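Quick notes on the structure that follows.
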Amino acid sequence: MKTKERKLMQENKIYKESKLDNYEEKRKKVSFFHLTSDIFFSKVMEDLQSCQEVTQILTEQKLTVKKVKTQYSIRNMENRSVILDVLAEDESGRIVNIEMHPKEDEDHVRRVRYHLSSIDMSFLEKGTSYDTIPEVYLIYITERDFIGENRGINEVERIVKRSGKRIDNGVHELYVNFSGKTDSAEQQELLSYMVNSDSNYKTDTFPNLVKRVKLFKEKKEGINIMCDIIDRERAEGKAEGKAEVIALIRRKYQKQNTPEQAAEALELEIDYVRKVMNMIAADEDQSNEAIALQLLREEM
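Letter by letter, the sequence shown follows residues 1 to 300 of UniProt numbering.
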């Protein structure tokens, strides 16, 4: 073998090894994801069949999902907007909202109340009758049983206090948790799988869900997608931190501080402060977040 050919072979070997190392590094990065992560859960649930399996098992209803959106934003110009993890619609027009909040220690019930009101407002058009509001299944998943019934799934209904008569307003609230037990073997299997999310798991109960998890944890295409999401989330986190610093610099700018004065007061590099102030001066309506993202792109 000629020296030139040998050198080329060695270069190709190194290239292949670096490609393999890169793949293994990415695979290791996404291997820690479980369905209890709202980011991973939302990505997996983009698949209609996977969403349908989860929905049917948890609601015990034969809902046929025809459309699903994840990380769905409902904007409110005057009040707080909401981002729904999973919003699906079945063939009969029923709406399913699935929320994954395993570790958040907050007022879950009032959060559900606000989600429901936001969903109703987004589907009820001006001038239409209230009976056009769709039936809604809201599945709210947490780590612990904050309701205290020691059950894996608790369905909350609206009833008349004295008689116990059920009042049907078209809302089905299901509070799901990973610490309680369920009466259904299928539900228990699904909840256990959400916690473990083993990509090599075998089941006939929710095969599409497992296949989808395997895609994002084992297959090159899915791994790359998840790594891009991780990088984007990290960049957004960095941008958020930068935006807070830029807000401080903007205040100094508005008070007509010089870059030198602002840098000394904020204990920042003068070149960085001067650059930010120049960007603010060029377009004072530009948000702190927009400036942060621009600076972040320049650093990459």
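Note that beta-carbon positions come from the ideal geometry of N, C-alpha and C, so glycine has one too. All values derive from a computational prediction rather than experimental measurement.
Alpha carbon of residue i to alpha carbon of residue j, nearest angstrom
i: LYS28; j: ILE230; result: 13 angstroms
i: VAL160; j: GLY93; result: 28 angstroms
i: ASP283; j: LYS252; result: 16 angstroms
i: LYS275; j: ALA247; result: 14 angstroms
i: VAL213; j: THR64; result: 21 angstroms
i: SER31; j: LEU209; result: 16 angstroms
i: CYS227; j: LEU138; result: 30 angstroms
i: SER192; j: GLY152; result: 11 angstroms
i: GLU186; j: LEU48; result: 19 angstroms
i: GLU269; j: PHE40; result: 38 angstroms
i: ASP204; j: LEU293; result: 45 angstroms
i: SER118; j: ARG110; result: 12 angstroms
Where residue i falls, given that 16 or more other Cβ within 10 Å makes a residue buried
i: LYS220; result: exposed
i: LEU295; result: buried
i: THR128; result: exposed
i: THR55; result: buried
i: ASN288; result: buried
i: ASP90; result: buried
i: ASN200; result: exposed
i: ASP168; result: exposed
i: VAL44; result: buried
i: GLN286; result: exposed
i: ILE14; result: Because ILE14 sits at a pLDDT of 38, beneath the cut-off of 50, its placement in the model cannot be relied upon, and the following sentence gives the value as read from the coordinates. With fewer than 16 other Cβ atoms within 10 Å, it is exposed.
i: LYS7; result: Any reading at LYS7 is ruled out, since the residue's pLDDT is 46, under 50, leaving its predicted position unreliable.
i: ALA88; result: buried
i: VAL195; result: exposed
C-beta atoms of residue i and residue j nearer than 7 angstroms
i: ASP145; j: ILE133; result: no
i: SER179; j: LEU35; result: no
i: ASP107; j: ASP38; result: no
i: ALA265; j: ILE249; result: no
i: ILE141; j: VAL171; result: no
i: PRO259; j: MET277; result: yes
i: PHE206; j: GLU53; result: yes
i: PRO102; j: GLU143; result: yes
i: VAL68; j: HIS115; result: no
i: LYS26; j: ILE223; result: yes
i: ILE95; j: VAL136; result: yes
Cβ-heavy atom distance, residue i to the ligand NAP, below 6 angstroms
i: GLU221; result: As presented, the structure is devoid of all ligands, the ligand NAP included, so that no description of it is given.
Proximity winner among the options, relative to residue i (alpha-carbon distances)
i: GLU173; options: THR59, ALA290, ASN150; result: THR59
i: PHE33; options: GLU298, ASN257, GLU218, GLN256; result: GLU218
i: GLY148; options: SER163, SER122, LYS181, ALA292; result: LYS181
If contact is defined by three or more beta carbon pairs under 8 angstroms, each pair taking one atom from either stretch, is the segment 239–247 in contact with the segment 63–73? no
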